[in-house]
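The number in the working numbering is simply the position in the sequence shown, starting from 1, with 8 added.
For every residue, glycine included, the Cβ atom is placed at its ideal position computed from N, Cα and C.
Worksheet for the structure shown next.
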Amino acid sequence: MRFTVDEIIAGWLNVTFDMGSDVFCILATDVWKTDSARQLIKACSDALSGDGSFYAVLDNEPGAWAVEINGSGLFKIYLSKEDLKGAFDKDKCEEAFAAQTDLKQLAAEIYGAFKPYSEGESRREYENEWMPFPDDEFNELGRKLGVI
């Protein structure tokens, strides 16, 4: 699985999950102050620590996407026609994709995609266009991956 941050501009975060035959290009908005990037990095880091499922909501206008990352490597993408406003609600979602994945590889992809935004001019652009960079969550993920 490949994960990319395609664009961050004017309160929109555009990411892609590419599973080969299935590709999801997802736009997330900050209109409800949901920090989707922070949620995604944290969900991945938490999944590396143990069992259970961890969620990230990528709000759209209208509706939302949600990602579930499980400590066993189960990865799911959900779609909601209703606004989730940062809080995952399985009853409002339908499953769009599910697969087993190499959790460490997914975590490395997510870490690598956000790494350029962690410093310098790219960080300033990230923070001007989105929200403060999620240093704590990003560094915790890096420690769990053994890259910092």
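Which residues in the same chain as W40 place their Cβ atom closer than 7 Å to its Cβ, once the five residues preceding and following it in sequence are excluded? D67, K93 and G94
S126 by DSSP, collapsed to three states: which one? Looking at S126 - three-state DSSP - the assignment turns out to be helix.
With which residues is S61 paired in a DSSP beta bridge? Beta-bridge pairing links S61 to N78.
Please identify the residue among D144, G154 and I156 whose C-alpha is closest to the C-alpha of I49. D144
How should Q108 be labelled, buried or exposed, when 16 other C-beta atoms within 10 angstroms of its C-beta is the threshold for buried? Exposed, since its Cβ has fewer than 16 Cβ neighbours within 10 Å.
Between which two residues does the beta strand (DSSP E) containing E145 stretch? First-last for E145: D143 to L153, but that is the alpha helix (DSSP H), not the beta strand (DSSP E).
State the Cα-Cα distance for the pair I85 and V75, rounded to the nearest angstrom. Their Cα atoms are separated by approximately 5 Å.
Assuming V13 is part of the beta strand (DSSP E), what are its boundary residues? R10 to I17
Would you please state the rounded distance, in angstroms, between the beta carbons of E127 and I16? I believe it to be under 8 Å. Contact doesn't hold; Cβ gap of about 15 Å is too wide.
In or out: Q47 buried (at least 16 other Cβ within 10 Å) or exposed? Note on Q47: 16 or more other CB atoms within 10 angstroms of its CB, so buried under the neighbour-count rule.
Helix, strand or coil, according to DSSP, for L87 in the structure here? strand
DSSP state of D30, grouped into three classes? Coil, per DSSP.
Per-residue DSSP class, three states only, for D67: strand
Anyone know if the C-beta pair for A51 and F62 falls short of 8 Å? yes
With DSSP as the reference, please indicate the residues paired to N22 in a beta bridge. E15 and L35
Just mark C33 as buried or exposed, buried being the case when its beta carbon has 16 or more other beta carbons within 10 Å. By the neighbour-count criterion, in which a residue is buried when 16 or more other Cβ atoms sit within 10 angstroms of its Cβ, C33 is exposed.
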